[in-house]
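Trainee: So that we are looking at the same thing, I have put the structure below in structure tokens.
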Amino acid sequence: MGVTTVRLSDEMEKQIDQLASSTQRSKGAVIKQALNEFIEKQALEERRWQQTLDAIESVANGEFVDGDDVHQWIRSWGAEDELSTPGA
């Protein structure tokens with residue numbers, strides 16, 4: 151396991167101390183949890199951004215379904231003459 155040194159403002163250090171005290175955890179545990187949550191959030195944002203870029207590319211390539219077709223399909227759910235999935 152690696153060790154990294156980080157400079158913190160006095161205010162941030164005070165907040166970490168208070169949080170560690172109130173949760174009965176070490177400062178290291180509080181910082182580690184915060185970093186883990188930040189890294190997970192960043193990874194999720196990167197995946198969502200890539201999905202957005204992929205969707206934009208699909209639309210640019212003409213790979214999309216008309217909204218009216220989707221609405222007609224949804225309205226047909228449960229009917230005897232239910233429509234098949236648009237674009238399938």
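Under the working numbering, the first residue of the sequence shown carries the number 151, and numbering increases by one thereafter. Glycine included, each C-beta is placed from N, C-alpha and C at the ideal position. Predicted, not measured: the structure shown is a model, and the values here were computed from it.
(1) Is it the case that the Cβ atoms of isoleucine 166 and isoleucine 181 are separated by a distance below 8 Å?
(2) Look at the alpha carbon of threonine 173 and the alpha carbon of glutamate 161, and state the distance between them as a whole number of angstroms.
(3) Among the residues of its own chain, which have a CB less than 6 Å from the CB of proline 236, if the five just before and after it don't count?
(4) Output needed for leucine 169: all residues of its chain with C-beta closer than 7 Å, excluding positions within five of it in sequence on either side, in chain order.
(5) DSSP three-state label for glutamate 213, please.
Mentor: Answer, in terms of the structure:
(1) Contact: yes.
(2) So the two alpha carbons sit approximately 18 Å from each other.
(3) Cβ within range, chain order: Val215, Asp219, Val220 and Trp223.
(4) Cβ within range, chain order: Val180.
(5) Glutamate 213 falls in the coil class under three-state DSSP.
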